[in-house]
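Visitor: Chains as they are written, first to last, in the working numbering: chain A, 1 to 292; chain B, 293 to 584.
Yeah, the Cβ is synthetic: ideal placement off N, Cα and C, and Gly gets one too.
Dumping the structure here so I can ask a few things about it.
There are 2 protein chains.
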Amino acid sequence: MDRRLFIKTLIASAAASQGFAKANDSSPTAAQIDAMEQKHLEIMSRYQSFLEGEKLTIGMLVYPGMFLMDLMGPLTVFEAMLNRDIHLVWKDLKPVNEKPTGSTSVSIPITPTTTFKDCPKKLDVLFVPGGVPGTFNLMRDTEVISFLHEQGTSARFVTSVCTGSLVLGAAGLLNGYKATTHWATMEGLAPLGAKPTNQRVVIDRNRVTGGGVTSGLDFGLTLAGLLRSPAYAEAIQLYLEYDPKPPFNAGTPRTAPKSVLGFVSDMFGNTGDVAKTAATEARLNYASYFKR
Amino acid sequence: MDRRLFIKTLIASAAASQGFAKANDSSPTAAQIDAMEQKHLEIMSRYQSFLEGEKLTIGMLVYPGMFLMDLMGPLTVFEAMLNRDIHLVWKDLKPVNEKPTGSTSVSIPITPTTTFKDCPKKLDVLFVPGGVPGTFNLMRDTEVISFLHEQGTSARFVTSVCTGSLVLGAAGLLNGYKATTHWATMEGLAPLGAKPTNQRVVIDRNRVTGGGVTSGLDFGLTLAGLLRSPAYAEAIQLYLEYDPKPPFNAGTPRTAPKSVLGFVSDMFGNTGDVAKTAATEARLNYASYFKR
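This is the structure:
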């Protein structure tokens, strides 16, 4: 990796220690970067065990109807790794929103950094975030499914968070693998040949899938440990101060009060059935991808 | 709240159950929204205890050098609440990036939805995310500090995640209050008159501050419980499947292996000293805000 780029990846966390940057300008000057370069080379030389490792190429699918938090957990962890390229991939470079346009939510458009056509091959990580109804749209989208199938057969790790696993499954990438998804869509996994596994993060050979939405941080750190080392992942965990203390214990149907589960289940309506139907349909549509 | 808007806020999670929207179009049609409206009114009538509550107005500061994950945790929780307006506030409406432009990170620009001048007064929630060096820039920025001081004296809850508390403190809003921040900048709190408190989320009267970065989800759910009800927050926790299972136990200096703490501390350099200096400087610059 270009040495200067490598140093620049260290600037964000180091910038603070310089107290530079006048108000409204948080971009270090070339001189300041030079000043920090020597310091960081010293630090790096003291911590080779953390910093060595081949350059990683990470491809993260972004799409209309994706749930932004599904992307942000893993992205935050991957960005904290050194010597990696992260690509946000979609059909074109037009910004996609993380929420259906029907919602009144604050919309944070995500601009893809590359396209299916230009995305590097043999990714170290292929990642698909979840989000409904976006997920169900993708399961019927031949262009998306073909891209994932092709990349998935050559990627070092094939991964997802939340309902992203249903899209991987539609591309035949979870056939015979243990996997998980959001609790409300677990019924969608079996029709795709996957073995539904009720764990926060499920690892089966090179498939790594996370549960609903907020599993992204647990997933990201797990993958960082596999890609680099446990110590490397621990450094990221400490940097992000990931010491979760949920104020309530309702994060799963198992622990949530009955009344709360009843309300949220009603809000999800028949999402589970829809997931099952979409999965069955996808397996028929892309039958050739399920041959092994 | 406008009934139609209210219904639309329910669409995102309900959309899936309809399995509508052809590929690449995750926006429900007016007819589909109408079809869902009746269904949701039925659900709502069954769950008044979850859905009632006055409309909330939430103002979240966004700024150059902010750390996006600090915003996303709380934003994800707040977006899951019904009957609320969320404003992303900055000096102008130009997009701000969450990382210094010196970094090679994937940049996700955040576009403010309103300005200091147009931001509603008497906010239910005033929120400031962290991020260095952006935080230290803001602590010296009279325009920002004046805005926060004015809003902070009228807001129902004055809140932050990570180093955002140092900016609140610079505006005299934590003088005499228990508060927390990222572990690497705890030294910055005392000079601002705050009482450094080593907890994931610290509540002191109407001040609610979270620890580093990933505390945003714990913070958001805590605040949702205060704004609505514990059951309401539990429903959001279940929706987001927030049942964290960190694969490592290095989320705090207390639990991290010595070698990991050594590396991350070196990466932060003298950030703690810089925070202390910036805090001392801010208290002098804005002395009048500290009078009580």
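Taking the alpha helix (DSSP H) that His-87 of chain A falls in, what are its first and last residues?
Guide: Taken as a continuous stretch (DSSP letters only), His-87 of chain A belongs to no alpha helix (DSSP H), being part of the beta strand (DSSP E) at 84-90.
Visitor: Just to confirm the assignment, what range does the alpha helix (DSSP H) spanning Ser-154 of chain A have?
Guide: That run of the alpha helix (DSSP H) goes 142-154.
Visitor: Enumerate in chain order the residues of its own chain whose CB-to-CB distance from Ser-452 of chain B is below 6 Å, with the five nearest sequence positions on each side excluded.
Guide: Counting only Cβ-Cβ distances below 6 Å, and skipping sequence neighbours, we find Val-420, Leu-460 and Thr-501.
Visitor: Short of 8 Å Cβ to Cβ, which residues in the segment 226-246 of chain A face chain D?
Guide: Going by chain labels, chain D is absent from the structure shown, which instead holds the protein chains A and B.
Visitor: Can you look up Thr-280 of chain A in the DSSP assignment and give me helix, strand or coil?
Guide: Helix.
Visitor: One question on the structure: do Asp-218 of chain A and Pro-536 of chain B come within less than 9 Å of each other, judged by their Cβ atoms?
Guide: Against a cut-off of 9 Å, the Cβ pair of Pro-536 of chain B and Asp-218 of chain A comes out as a contact.
Visitor: At least one CB of chain A closer than 9 Å to the CB of Arg-492 of chain B: is that the case?
Guide: Chain A, which has a Cβ nearer than 9 Å to the Cβ of Arg-492 of chain B, makes this yes.
Visitor: Can you find the residues in the same chain that come closer than 7 Å, C-beta to C-beta, to Asn-137 of chain A, ignoring five residues on each side of it along the sequence?
Guide: Same-chain partners within the cutoff: Gly-65.
Visitor: Identify the residues that DSSP records as bridge partners of Ala-179 of chain A: which are they?
Guide: Ala-179 of chain A is bridged to A:Pro-196.
Visitor: Residues bridged to Val-494 of chain B by DSSP?
Guide: DSSP, once it has assigned bridges, lists B:Thr-501 as partnering Val-494 of chain B.
Visitor: Taking the runs of the beta strand (DSSP E) that are 3 residues or longer, which of them lie wholly in the segment 254-278 of chain A?
Guide: For the segment 254-278 of chain A, not a single whole beta strand (DSSP E) run of length 3 or above is found.
Visitor: Chain A partners of Phe-540 of chain B, CB-CB under 8 Å?
Guide: Within 8 Å Cβ-Cβ: Leu-221, Gly-225, Pro-230, Ala-233, Glu-234 and Gln-237.
Visitor: For a minimum of 4 consecutive residues, which ranges assigned as the alpha helix (DSSP H) are wholly contained in the segment 206-247 of chain A?
Guide: Here the runs fully enclosed are 216-227 and 230-239.
Visitor: Can you find a C-beta in chain A that's less than 9 Å from the C-beta of Pro-483 of chain B?
Guide: Output row for Pro-483 of chain B: interface = no.
Visitor: Cutting at 7 Å between CB atoms, please list the residues of its own chain near Thr-406 of chain B, excluding the five before and the five after it.
Guide: So the list reads His-379 and Val-381, once near-sequence residues are dropped.
Visitor: Check whether the Cβ atoms of Val-260 of chain A and Ala-523 of chain B sit closer than 9 Å, and answer yes or no.
Guide: Yes, the Cβ-Cβ distance between Val-260 of chain A and Ala-523 of chain B is below 9 Å.
Visitor: In its own chain, which residues sit with a C-beta less than 6 Å from the C-beta of Ala-307 of chain A, not counting the 5 before and 5 after it?
Guide: Residue numbering for chain A in the displayed model covers 1 to 292; residue 307 of chain A lies beyond these limits and cannot be assessed.
Visitor: At the level of alpha carbons, what is the spacing between Asp-141 of chain A and Pro-133 of chain A?
Guide: Taking the straight line joining both Cα atoms gives about 13 Å.
Visitor: Where does Ile-7 of chain A fall in DSSP's three states?
Guide: Unreliable placement is indicated for Ile-7 of chain A, whose pLDDT of 47 sits below 50; the coordinate value is still reported in the next sentence. Helix at Ile-7 of chain A.
Visitor: Smallest Cα separation from Leu-484 of chain B: which of B:Leu-466, B:Thr-473, B:Val-494 and B:His-474?
Guide: Checking every option, the nearest Cα to that of Leu-484 of chain B belongs to B:Leu-466.
Visitor: In whole angstroms, what separates the C-alpha of Arg-156 of chain A from that of Thr-181 of chain A?
Guide: Distance between the alpha carbons of Arg-156 of chain A and Thr-181 of chain A: 21 Å.
Visitor: Taking 9 Å as the cut-off, decide whether the C-beta atoms of Thr-278 of chain B and Val-77 of chain A are in contact.
Guide: No answer is possible for residue 278 of chain B: the residues shown for chain B start at 293 and end at 584.
Visitor: Considering just the uninterrupted stretch of the alpha helix (DSSP H) at Met-264 of chain B, what are its terminal residues?
Guide: Lying before the first or after the last residue shown, residue 264 of chain B is absent from chain B, which here runs from 293 to 584.
Visitor: With a cut-off of 8 Å on the beta carbons, I'd call Thr-188 of chain A and Ala-275 of chain A a contact; round off their distance for me.
Guide: According to the sequence shown, residue 188 of chain A is Gly rather than Thr. So it is a contact: roughly 3 Å between Cβ atoms.
Visitor: Against His-182 of chain A, what residues of chain B qualify as contacts under a CB-to-CB distance less than 9 Å, listed in chain order?
Guide: By Cβ distance, chain B contributes Glu-533.
Visitor: For Lys-22 of chain A, which residues from the same chain have a beta carbon less than 8 Å from its beta carbon, with the 5 sequence-adjacent residues on both sides left out?
Guide: Bear in mind that a pLDDT of 37 at Lys-22 of chain A, under 50, signals an unreliable position, so the model cannot answer this.
Visitor: Who are the Cβ neighbours of Leu-532 of chain B in its own chain at under 8 Å, not counting the five residues just before and after it?
Guide: Hits under 8 Å: Thr-368, Val-369, Ala-372 and Leu-509.
Visitor: When Cβ atoms are compared, which residues of the segment 117-142 of chain A fall closer than 7 Å to chain B?
Guide: Those residues of the segment 117-142 of chain A that come within reach of chain B (Cβ to Cβ, closer than 7 Å) are Val-132, Pro-133, Gly-134, Phe-136, Asn-137, Arg-140 and Asp-141.
Visitor: So, under 8 Å CB-CB, Phe-540 of chain B and Gln-38 of chain A are touching, yes? Tell me the CB distance rounded to an integer number of Å.
Guide: With 8 Å as the limit, Phe-540 of chain B and Gln-38 of chain A do not qualify as a contact, their Cβ atoms being about 31 Å apart.
Visitor: Consult DSSP for Ser-107 of chain A and reduce its assignment to one of helix, strand or coil.
Guide: Correct three-state label for Ser-107 of chain A: coil.
Visitor: Just the chain B side, please: which residues come within less than 7 Å of Tyr-286 of chain A by C-beta, in chain order?
Guide: None at all; the shortest Cβ gap to chain B is about 14 Å.
Visitor: Report the rounded CA-to-CA distance for Thr-569 of chain B versus Trp-183 of chain A, giving the unit in angstroms.
Guide: Those two C-alpha atoms are separated by around 48 Å.
Visitor: Is the shortest distance between the beta-carbon of Val-552 of chain B and the beta-carbons of chain A less than 9 Å?
Guide: So, interface residue.
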